[in-house]
Amino acid sequence: MQDRIDRRRLLALAGAAAVNPALGQEKGSAHLHAMMAPDPTAPKVAMLVYPKMVALDLIAPMTVFTIMRWNLQLIWKERTPVSTDVGVSIAANSTFAEAYSDPDILFVPGGLLGTIACMQDPEVVDFVAKLGARAKWVTSDCTGSLILGAAGLLRGYDATSHWAVADLLPLLGARHVDKRIVRDRNRLTAGGATAGIDFGLVLVSELAGEEASRRDQLILEYAPAPPFRNGTPDEAGPERVAEMRKGRVWMDEQARLAVEVARRRLGPG
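Per my numbering, residue 4 is the first one in the sequence shown, and the count goes up by one each step.
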């Protein structure tokens, strides 16, 4: 009976929309909003944003979490747009003072120049350290793991980062594991920017179950088929990696210096 009622309502709405297209658009907009509106009972995700970050590091897992209707906070010192690598600015919707006090997930994206600046900013490091101590999950994508490490949140944990700087993780007390996604207890870290989708799906599987993650993956039609096997140092080969590193010498050295400063600040342990 309910099915027949629903069909009648659907036909009535369709007829009304045919007579009044604006009504159809309004109904469609309301339906889409209802589908995408965050679920108040869903996990709370505190996502750091910062100047010179890599947009994909944030957008990839953010898309996965939005499909799940999780509650997302984009957090920075101020509610002002921050620059990204692709020239599209992203505005925080919460300040440090407005951040969840007890997030289910703390997430930190990457972007090496922005990462270095964050590691050298006591306000950012202190905020990440305090929020990470209260979060149920402490997570990152790409070089975001260096910020977690500088905040003392990866000591004694397996972790990964972008391949070019992953060797710096042990200086911050972490054990570098050369994998795309690394989980150690409630720490979940991912490699380069494209690993953000994989990371998001793994975390959804952990918190909402495999079927929910599979549904998310199908909605995204996530079935990677890259044109070349060249996405890791092993696949690219030593010659291409060496050539790539030539253009990163100054930047990678700045990262090493920032990590050394963070290591001295953290002290033994």
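Note that CB positions come from ideal geometry on N, CA and C, so glycine has one too. None of these values were measured; they are calculated from a predicted model.
Please look up how many angstroms separate the CB atoms of residue i and residue j, rounded, as I've assumed it's under 8 angstroms.
i	j	result
Val85	Ala58	That pair is no contact at about 10 angstroms.
Ala167	Ile184	Not a contact, Cβ separation roughly 18 angstroms.
Thr146	Thr118	4 angstroms
Phe110	Ala177	Not quite, the Cβ-Cβ distance comes to about 17 angstroms (not below 8 angstroms), so this is no contact.
Arg137	Asp105	5 angstroms
Pro112	Leu51	7 angstroms
Compute the Euclidean distance between the alpha carbons of residue i and residue j, then round it to the nearest angstrom.
i	j	result
Arg186	Ser92	30 angstroms
Arg278	Ala40	Look at the range of the chain in this structure, 4 to 272, and you will see that residue 278 is not part of it.
Gly212	Gly159	27 angstroms
Arg267	Leu134	22 angstroms
Leu75	Arg82	15 angstroms
Asp273	Ala102	As displayed, the chain neither begins before 4 nor continues past 272, which places residue 273 out of reach and without an answer.
Gly195	Pro43	31 angstroms
Gly234	Pro227	12 angstroms
Ala100	Thr69	23 angstroms
Thr66	Leu157	26 angstroms
Ala94	Phe130	18 angstroms
Ala265	Lys80	21 angstroms
Glu224	Pro64	15 angstroms
Asp144	Arg190	11 angstroms
Drop a sphere of 10 angstroms on the beta-carbon of residue i, count the other beta-carbons inside from all chains shown, and report buried for 16 or more, exposed for fewer.
i	result
Trp253	exposed
Met247	exposed
Ile108	buried
Ile78	buried
Pro46	buried
Ile62	buried
Arg188	exposed
Leu115	buried
Pro271	exposed
Gly240	exposed
Can you look up residue i in the DSSP assignment and give me helix, strand or coil?
i	result
Lys47	strand
Trp253	helix
Leu157	coil
Leu13	Only weak support exists for where Leu13 lies, its pLDDT of 46 falling under 50; the coordinates are left without a value.
Phe110	strand
Met247	helix
Asp129	helix
Val264	helix
Gln76	strand
Can you name, in chain order, every residue of its own chain whose Cβ lies under 6 angstroms from the Cβ of residue i, other than the five neighbours on each side?
i	result
Val128	Ala153 and Ala154
Cys121	Tyr53, Val127 and Ile150
Ala162	Ser148, Leu172, Ala177, Val185 and Thr192
Leaving out five residues before and five after residue i in sequence, what residues of the same chain have Cβ atoms less than 8 angstroms from its Cβ?
i	result
Pro173	His179
Gln123	Ala261 and Val264
Between which residues of its own chain and residue i is the CB-CB distance below 7 angstroms, once the five residues before and five after are set aside?
i	result
Asp201	Arg183, Ile184 and Ala193
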